[in-house]
Amino acid sequence: MNTIESTTKQRDGRQPVTVEPTGSTRRPAEQPRLTVRHVDGERYAVQVRGHQLVVDQPVSGGGSDSAPTPVELFVAALASCVAYYAGRYLVRHGLSRDGLAVGARYVMAADRPARVAAVRIELSVPDELPPGRRAALRAVAAHCTVHNTLLDAPEVEIELAAT
17 MNTIESTTKQ RDGRQPVTVE PTGSTRRPAE QPRLTVRHVD GERYAVQVRG
67 HQLVVDQPVS GGGSDSAPTP VELFVAALAS CVAYYAGRYL VRHGLSRDGL
117 AVGARYVMAA DRPARVAAVR IELSVPDELP PGRRAALRAV AAHCTVHNTL
167 LDAPEVEIEL AAT
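So the mapping is simple: my numbering equals the position in the sequence shown, first residue as 1, plus 16.
Have a look at this one:
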């Protein structure tokens, strides 16, 4: 098994730039609504497209450690997005996804505000991947949607709504 590594760090402060091909009529697509509801203790249920995920906190954080934390799911979203893009690349080039795996480690920032300071992704690829395709696979994986979003942070609005 071969390994390709990539590191994602905080953005460098540049403003996001959107470039569309000449004559493009592409508009941002709004995705299905996610709903998060309190279950008990520090557990919350996330509903999206008919699927349910649960998040919790470790015992040290007041939870029951019954599910991943939101931060762990955040890092998992990045790792699984990298895996998906890498898998698509392999299939497009007639290579097997057998043995494809992605590991991720993250470090929380030591200062405020609370946030993930760094993520390290380790992409393990099948031995049959030709050496000449490694750089291309790494480039494709590094351009997954979640990674692109981290590099060009979206606008986030938090509104209060009556229940």
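For each residue, glycine too, the CB sits at the ideal point set by N, CA and C.
*Rank G66, S82 and L50 by C-alpha distance to the C-alpha of D56 and give the top, closest one.*
S82
*Distance CB(L116)-CB(L106) smaller than 8 Å*: yes
*Please determine, among E144, L89 and S140, the residue with the shortest C-alpha to C-alpha distance to L111.*
E144
*List the residues that DSSP assigns as beta-bridge partners of V132.*
M124
_Considering only their Cβ atoms, is the gap separating V62 from V52 smaller than 8 Å?_
yes
_Reduced DSSP category for T161 - H, G, I as helix; E, B as strand; rest coil_ = helix
*Would you please state the rounded distance, in angstroms, between the beta carbons of R154 and H109? I believe it to be under 8 Å.*
The Cβ separation is near 14 Å, so there is no contact.
*So, are the CB atoms of Y122 and A130 less than 8 Å apart?*
no
_Cα-Cα separation between S88 and L167, rounded to whole angstroms_ = Before going on, a small fix: residue 88 reads as Glu here, not Ser. Straight-line Cα distance between these residues: approximately 19 Å.
*asked:* Per DSSP, what are the beta-bridge partners of H54 in this structure?
replied: Y60
_DSSP has V87 in a bridge; who is on the other side?_
Answer is none; V87 lacks a bridge partner.
*Which of helix, strand or coil DSSP assigns to V71*: strand
*asked:* 8 Å is my cut-off, CB to CB: does Q63 come that close to chain D?
replied: Here there is only one protein chain, and chain D is not present.
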